[in-house]
Amino acid sequence: MYLQALRYRLISLPRPVKQFTLVFADAALLVVALFTSTWLVSDDLRGALAAGWLQFPLALLLAIPLFAQAGFYRAITRFPSSQLLLSTTGLLIAVALAMAAVRHWSPIPGFDLPKTTLLAFTALSMILLVTTRLVMRAVLLGSYTRNRRARTPVIIYGAGSAGVRLLSAMREGGKFRVVAVVDDNPDLQYRLLAGIRVWSPHELNRLSKQLGVRRVLLAMPSISRARRQEIIDQLVDLNVRVQTVPDVGDIISGSAQVDDLREVDALDLLGRDPVPPNLELLSSCVTGKSVLITGAGGSIGSELCRQIVLLQPTRLAILDISELALYKIERELRSIIDTRALDVELVALLGSVHHRPRIRSVMQAYAVQTVYHAAAYKHVPIVEMNMIEGVHNNVIGTWYAAEAAEDAGVETFVLVSTDKAVSPTSVMGATKRVAELVLQGMHNRGTKTRFCMVRFGNVLDSSGSVVPLFRDQIARGGPVTITDPEVTRYFMTIPEAAQLVIQAGSMCRGGDVFVLDMGEPVRIRELARRMVQLMGLSMQDADNPGGDIALQFTGLRPGEKLYEELLIGSNVTRTDHPMILRAMEESLSWPETYDNLDGLLHAANALDCERAVTLLRQIVTGYQPGTDQLHDLTWSASGGRILKLVESGAGPAVVVGASASMPGDPDAAKEASSLREAPI
0 MYLQALRYRL ISLPRPVKQF TLVFADAALL VVALFTSTWL VSDDLRGALA
50 AGWLQFPLAL LLAIPLFAQA GFYRAITRFP SSQLLLSTTG LLIAVALAMA
100 AVRHWSPIPG FDLPKTTLLA FTALSMILLV TTRLVMRAVL LGSYTRNRRA
150 RTPVIIYGAG SAGVRLLSAM REGGKFRVVA VVDDNPDLQY RLLAGIRVWS
200 PHELNRLSKQ LGVRRVLLAM PSISRARRQE IIDQLVDLNV RVQTVPDVGD
250 IISGSAQVDD LREVDALDLL GRDPVPPNLE LLSSCVTGKS VLITGAGGSI
300 GSELCRQIVL LQPTRLAILD ISELALYKIE RELRSIIDTR ALDVELVALL
350 GSVHHRPRIR SVMQAYAVQT VYHAAAYKHV PIVEMNMIEG VHNNVIGTWY
400 AAEAAEDAGV ETFVLVSTDK AVSPTSVMGA TKRVAELVLQ GMHNRGTKTR
450 FCMVRFGNVL DSSGSVVPLF RDQIARGGPV TITDPEVTRY FMTIPEAAQL
500 VIQAGSMCRG GDVFVLDMGE PVRIRELARR MVQLMGLSMQ DADNPGGDIA
550 LQFTGLRPGE KLYEELLIGS NVTRTDHPMI LRAMEESLSW PETYDNLDGL
600 LHAANALDCE RAVTLLRQIV TGYQPGTDQL HDLTWSASGG RILKLVESGA
650 GPAVVVGASA SMPGDPDAAK EASSLREAPI
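The sequence shown begins at 0 in numbering that gives the first Met the number 0 and counts up one residue at a time.
The structure is reproduced here in structure tokens:
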């Protein structure tokens, strides 16, 4: 208790007081070292001191200024660097040589100490100074006052350079105590690494139980994801928490330190290595061009912004309906541009893609050459309960944006689509499929703009993704909620998906449907189980009723389905990129497409959910809502009524009361047609 209080008192002293104390301590140690050396070497101590007494003040006058110049008194004593400690030897040798020179050349008596005394002084003073600092570090860090059993025992997996640095970092702090190191390399096994034995991974189960280890730190940042997953598979059943050091690229770039421990990346659970980008494809539609990204503040849109700005377009226009999202991504992009001194004009635009005049003016004012259309409502249950807004944003917004691109002479228009557009059971999926058909129809009628769409599944850690949801639920102690025990999904990281979208756009010929190879689908129940176990917790089930985290099955939500698909049919061809496929799918002629859009616009303007769903069923092959019941909240609250729109001198007036059983009423359709060209 007393030592602990003393330690805190020493640490809290003013810096000048600490520096004076160090100078005084070093001076005293130098005097002790010189006196002891004289005593050890000389037979006549009194005579030796009388002959060389001036060497004592000389040693202090030489050593203390040199130490100060070398930074001995600027460094934090409880965190001395190895370089600083090693430099002590060089400085003391310099002091001894200077003392010897004065002894040899000075005519003044009082400097005549034996040469052997100066050699002994160098060695002894070095031992005293270095040892004193190491002892001070141990005391100030509490190495001797803290109960070692209170520190968390951990095992480091990896005895390479990252493992060595991590072990050193663990010793500097007081939170963890490294009790063992494991490594796959047989040449390193059973050797000592900084006093800690290196074991084979086969010993992990025994070590974790014997040493009471609840945490394993994976210090192998440069291994492949496939190999990382093999290691994680070994650890997942040990009931230990697994954390990793950052990726080697982050360490090299300086954006992370080796001891910045992180939870296991969700992508590590998939075990698939991202394919390196084709640099020619990556820059073809971007570098030196004026680029527009709609939905720039969303998960995919913001990542597209980050990657595209580094490819140095002449202008990057970012559009989003959310003021806050636009503000955040603009700040981030301006920081990137300033830090890297990029010659990119950044334009932040607030607006909606289904505001027709706005999107037209943007395309024309900034002479846009490439559009990445990521603006969409994507959350299945929310769109299901707000379906008219889903139609407006996903269908009408895409139509208006595509028309504006064509009118402005845009070269390439890339739609970010979804696997939920294939055989959809949700309004979100159906509206995204109609958006695809819009682009295909415009291509079929003939256009100079190359329209294409890129279809992929779920992205990890996006807004609405299960991964951050599970992480939060586990941190709160559960339960982890899953819709159905059999539900499966495709997964990809946000950066990888954005990178592939950019490359797919470069291969666009017009009307293309690109599908990303997302590997094998993942069962969500298994993903949750692995996340729980890698947090060092256990699942609570029939076999383990005393487990930490329970699973709770809530049932499929409106519009959701068990399995997702990426293709309509099986007619696909390879492209210049191994993870991008080109699908050959049926499309509609432009007259058919226009009639469908006209009908959807009528239904949307009248807020007629029933008519909108009927049209979606007619347009989208395979669209089968999970139930005949409409889930739209406003539709339900209004008792299933549509709006009749009547022109008056003051503008369109809204009258509620038309029956939902009359969706085909020609008068209602006629009255609603006045809004066909109105911005929504």
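Glycine included, each C-beta is placed from N, C-alpha and C at the ideal position.
Query                                                                                                                                                                         : Result
Does DSSP classify residue 129 as helix, strand or coil?                                                                                                                      : helix
Looking at C-alpha atoms only, which residue of 215, 167, 394 is the closest neighbour of residue 601?                                                                        : 394
My guess is that residue 32 and residue 120 are in contact by the Cβ rule of under 8 Å, so how many angstroms apart are they, rounded?                                        : 6 Å
In this structure, does DSSP put residue 167 in helix, strand or coil?                                                                                                        : helix
Given 8 Å as the limit, is there contact between the region 275–295 and the region 356–367, that is, 3 or more CB pairs closer than that?                                     : yes
Output the distance between the C-alpha atoms of residue 432 and residue 417, rounded to the nearest integer angstrom.                                                        : 8 Å
Look up residue 319 in the DSSP assignment and give the residues it is bridged to.                                                                                            : 349
How big is the Cα-Cα spacing for residue 188 and residue 168?                                                                                                                 : 21 Å
Within the continuous beta strand (DSSP E) that includes residue 178, where are the two ends?                                                                                 : 175–181
In chain order, what residues of the same chain have a beta carbon less than 8 Å from the beta carbon of residue 632, not counting five sequence neighbours either side?      : 384, 385
Helix, strand or coil for residue 304? Go by DSSP, reduced to three states.                                                                                                   : helix
What did DSSP end up calling residue 455 once you bin it into helix, strand or coil?                                                                                          : coil
Below 9 Å between beta carbons: does that hold for residue 423 and residue 623?                                                                                               : yes
From the DSSP secondary-structure annotation, give me the bridge partner or partners of residue 198.                                                                          : 181
Please name the residue in 152, 180, 151 whose C-alpha comes closest to that of residue 159.                                                                                  : 180
For residue 535, collect the residues of the same chain with a Cβ closer than 8 Å to its Cβ; drop the 5 residues on either side in sequence, then sort them by chain order.   : 213, 214, 238, 239, 240, 241
According to DSSP, is residue 54 helix, strand or coil?                                                                                                                       : helix
Taking 9 Å as the threshold (beta carbon to beta carbon), is residue 305 in contact with chain B?                                                                             : Going by chain labels, chain B is absent from the structure shown, which holds only one protein chain.
Would you kindly check if the distance between the Cβ of residue 320 and the Cβ of residue 328 is under 9 Å?                                                                  : no
For residue 526, name the three-state secondary structure that DSSP assigns.                                                                                                  : helix
Measuring alpha carbon to alpha carbon, tell me which of 430, 356, 372 ends up nearest residue 388.                                                                           : 430
Please list the terminal residues of the continuous beta strand (DSSP E) segment that includes residue 152.                                                                   : 151–156
Out of 591, 590, 589, 574, which one is the CA nearest neighbour of residue 583?                                                                                              : 574
Return the first residue and the last residue of the beta strand (DSSP E) that residue 491 is part of.                                                                        : 490–492
Enumerate in chain order the residues of its own chain whose CB-to-CB distance from residue 117 is below 7 Å, with the five nearest sequence positions on each side excluded. : 95, 98, 99
On the CB-based measure, 16 or more other CB atoms within 10 Å of its CB, does residue 312 come out buried or exposed?                                                        : buried
Give the C-beta separation of residue 630 and residue 520 to the nearest angstrom, bearing in mind that I take them to be a contact with Cβ-Cβ under 8 Å.                     : At roughly 26 Å, the Cβ-Cβ gap does not stay under 8 Å, so residue 630 and residue 520 are not in contact.
Answer yes if the region 396–407 comes into contact with the region 476–489, meaning at least three C-beta pairs across the two stretches below 8 Å, and no otherwise.        : no
Tell me, please, which residues DSSP counts as bridged to residue 582.                                                                                                        : 512, 571
What are the start and end residues of the beta strand (DSSP E) that includes residue 214?                                                                                    : 214–217
Going straight from the alpha carbon of residue 92 to that of residue 193, what length do you get?                                                                            : 29 Å
One question on the structure: do residue 413 and residue 353 come within less than 9 Å of each other, judged by their Cβ atoms?                                              : no
With burial defined as no fewer than 16 other Cβ atoms inside 10 Å of the residue's Cβ, what is the status of residue 66: buried or exposed?                                  : buried
Classify residue 222 as helix, strand or coil using the three-state DSSP reduction.                                                                                           : coil
Would the beta-carbon of residue 466 fall within 9 Å of that of residue 550?                                                                                                  : no
Under a Cβ-count criterion, where at least 16 other Cβ atoms within 10 Å of its own Cβ denotes burial, should residue 201 be classed as buried or exposed?                    : exposed
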